[in-house]
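For reference, the structure is listed below as structure tokens.
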Amino acid sequence: MKLKKKRTTEHSLFSNIFYLLGVMFKISPMLVIGEIVMHILCTLPGRLVPVVGLKFVIDEVSSDGDPKTIIMGISLIIGLLIFGDITNALFFELFVHRQREKLDLGLQSLLYKKAATLDLSKYDNPEYYADFILAVENSSDSIRYMLGMVKGYIEEIISFILIGSLVLTIDPGALVIVLVASFVFIPVGFYTGKLLNERREKITELHRVSDYFARVFYLQDYAGEIRTSGIYPLLRRRFSESADNVINTQRRYIKKLDKLFFLQESAIYVIGYTLVLTLYIGYKTIVTGDMSAGDFVATFNGAISIGGGILYLTVYSVRQFTERSKIIDKYRKFLKTTNKIVDGPHIAECGKPEIIKVKNISFSYEGNEKDSLDGVSFEIQPYEKVALVGYNGAGKTTLTNLLLRLYDVKDGSIEIGGRDIREETVESHRARFGAVFQDFQIFSASVGENVALSKVYDSERVWQALKSAGFDKPLPNGLETILLKEFDDEGLMLSGGEQQKIAIARAFYKKCPYVILDEPSANLDPVSEYELNHAMMENAKDKTVIFISHRLSTTRNADKIFMMENGKIIESGSHEELMASGGKYAEMFNLQAEKYTI
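So the sequence shown is residues -13 to 584, counted in the working numbering.
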């Protein structure tokens, strides 16, 4: 499988780190400060004891020091270590867990708030959408991980300064050996880090393919199709191929990485520290007597600590920072995404219906060369019931999306009450519409909340809306009956038609002058369809209604019908007028009439 070249990160590593700390500090300043300070206070003693503590004990024992002093020193060392562990445990149990939940909630809230206002066109861009999903799924973990990296980095710097100073006072030559052994092999470490990053990126890309198959196998949406279509062997083979790609990619990198890790570990630790440094400080201790036994232990343990710290500061942390920075960069860019659909200066009134004028509009989706709508013009008078009909791909749903300003027209304009809808604020404009989409959703909430789309609702109006939509299923707990089982094991499950009636009831419930119904009877039986049409005409007398339907039996009572084809309106008029003209509408209607009794 050929992988696409990844885009480079626009923000620098340090820019992303400081941006991240700023976001975290805004949400929970005490968590950021507390974690850094407590980490240093609790872990630093453990780094210093093998160097300073052991040196003190060995020197005291070697010089026949006072036993009480030795015992007090050992007790102090143990006490510091125990105090650090207890303090750290209490800090996490009493403070960190709660604040991390607050941090996660704050980070996710920023994402969700942005996603709720994002232009719909962004979802049409596969690359952008993939980055968005990656940011949502990984940002919290990456941000917490980054905070841990920052804590570790600060700790290593402080440890390097303190332990390096101690080794320097004991013997500058020993410090030189440590630094040379560490820095000489930094290029190897960087190259290793580069390979690890490269491997991680390729494996992540390959995992996206296998993750797709995982979703297909476990999501309910695909369950029926997999069990009845016989596609399982094909999917299983494709999954095996993607898994083989992952394994083969891992194998190619592991061969190189094993050699590099062996070189790095053997060169730095075996040759640099175990051999060269040990011979040097052993000579200083045994032959010349310039070092005490305590100095020997302190220098050797200090060298190991300094060497590990240098590698962490220069190689390991940079690699990890770089990897996580890419996720932070996606999170950051997503939050800073600017919308093309922006507020106008005027707040639209949600009163009586006004004339809708569509003036020579054209529109094309991103990446499409051909316009989905091409020079469409029409007028809708207040209170009219208008049907949009045509074959799939004619532009019907696109037209309603433009009316709702989910997208903006490329050319031309849409006016309501004589004002271009782009002059209104987005929220006030959309508040004028009640819309039921073809791909409507039912939420895991009560029936009342699902109809009103709010926690607070007028029960009488909800019942009336359900009645108008033809919903008559018994509800065990009335409007408080919970739908779906995500949050309630006793949640009520509905058929496709019942769900559609709930969605249609939303349009009846909402106080608005315009209603858009995209395939309002797609999941309904003929009787329910007839009842819905009757209820719609009866209960929406005070509204302008625009509906899309492939079943032309629903269009007979429309005041006006627009027949669409290839992004244009090719016919318009009442049902009787279009049947009399004998055009495309009449042809489509007659084809359906042959199969259904109307």
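Built from N, CA and C at the ideal position, the CB exists for glycine as well.
Residues that DSSP places opposite residue i in a beta bridge
| i | result |
| --- | --- |
| L332 | Residue 332 is actually His in this sequence, not Leu. Answer by DSSP bridge pairing, in chain order: E410. |
| I532 | V372 and I502 |
| E517 | E517 pairs with nothing; no bridge assigned. |
| L359 | F349 |
| S399 | K345 |
| M550 | I555 |
| F364 | V344 |
| I468 | S432 |
| L478 | L469 |
Cβ-Cβ distance between residue i and residue j below 8 Å
| i | j | result |
| --- | --- | --- |
| A455 | K487 | yes |
| G420 | K554 | no |
| P339 | P499 | yes |
| R391 | I327 | yes |
| M24 | N74 | yes |
| S291 | V37 | yes |
| L133 | M10 | yes |
| I144 | A284 | no |
| F525 | F494 | Correcting the residue type first, residue 525 is Asn in the shown sequence and not Phe. Yes, these two residues count as a Cβ contact at 8 Å. |
| I22 | V136 | yes |
| K343 | M550 | no |
| E517 | H536 | no |
| N346 | G398 | yes |
| R492 | V422 | yes |
| F426 | A489 | yes |
| I314 | N2 | yes |
| I502 | G403 | no |
| L452 | T467 | no |
DSSP-derived helix/strand/coil call for residue i
| i | result |
| --- | --- |
| S558 | strand |
| G420 | strand |
| I584 | Because the pLDDT of I584 is 46, which lies under 50, any placement of that residue in the model is unreliable, and the number read from its coordinates should be weighed accordingly. Correct three-state label for I584: coil. |
| Y571 | helix |
| S589 | Since the first residue shown for the chain is -13 and the last is 584, residue 589 is missing from the structure and cannot be characterised. |
| I290 | helix |
| R405 | strand |
| M(-13) | Any reading at M(-13) must be qualified, since the residue scores a pLDDT of 38, below 50, and its modelled position is unreliable; no value is offered. |
| T(-6) | With a pLDDT of only 47 at T(-6), under the threshold of 50, the placement of this residue in the model should not be trusted, and no figure is reported. |
| G216 | coil |
| P460 | coil |
| Q427 | coil |
| S107 | helix |
| G51 | coil |
| R318 | helix |
| N325 | coil |
| K241 | helix |
| Y377 | coil |
| A544 | coil |
| G275 | coil |
| L564 | helix |
| G150 | helix |
| A579 | helix |
| N74 | helix |
| A526 | coil |
| D157 | coil |
| R391 | coil |
Expected contact under 8 Å - CB spacing of residue i and residue j to nearest Å
| i | j | result |
| --- | --- | --- |
| L469 | V437 | That pair is no contact at about 10 Å. |
| R418 | G330 | The Cβ separation is near 14 Å, so there is no contact. |
| L577 | Y571 | L577 to Y571, Cβ: 11 Å. No contact. |
| I129 | L91 | In fact, because the Cβ distance is near 13 Å, the residues do not count as touching under 8 Å. |
| K396 | S350 | 6 Å |
| Y269 | I163 | With 8 Å as the limit, Y269 and I163 do not qualify as a contact, their Cβ atoms being about 12 Å apart. |
| L359 | L385 | 6 Å |
| I147 | L89 | Actually they are not in contact, since the Cβ atoms of I147 and L89 sit about 30 Å apart, beyond 8 Å. |
Min CB distance residue i to chain B below 8 Å
| i | result |
| --- | --- |
| E87 | The structure shown contains no chain B; it holds only a single protein chain. |
Any non-hydrogen atom of the ligand FAD closer than 7 Å to residue i Cβ
| i | result |
| --- | --- |
| A451 | Because no ligand of any kind appears in the structure shown, any question about the ligand FAD cannot be addressed here. |
- request: Say whether the region 288 to 302 touches the region 100 to 120, bearing in mind that this needs 3 or more beta-carbon pairs closer than 8 Å, one atom from each stretch.
  value: no
query: For the region 540 to 549 against the region 370 to 383, are there 3 or more C-beta pairs whose distance is under 8 Å?
result: yes
query: Does the region 80 to 88 come within contact of the region 40 to 60, defined as at least 3 CB pairs closer than 8 Å?
result: no
field: At least 3 beta-carbon pairs within less than 8 Å: the region 224 to 234 vs the region 242 to 251
entry: no
message: Quick check: the region 309 to 322 against the region 62 to 71, are at least 3 beta-carbon pairs closer than 8 Å?
response: no
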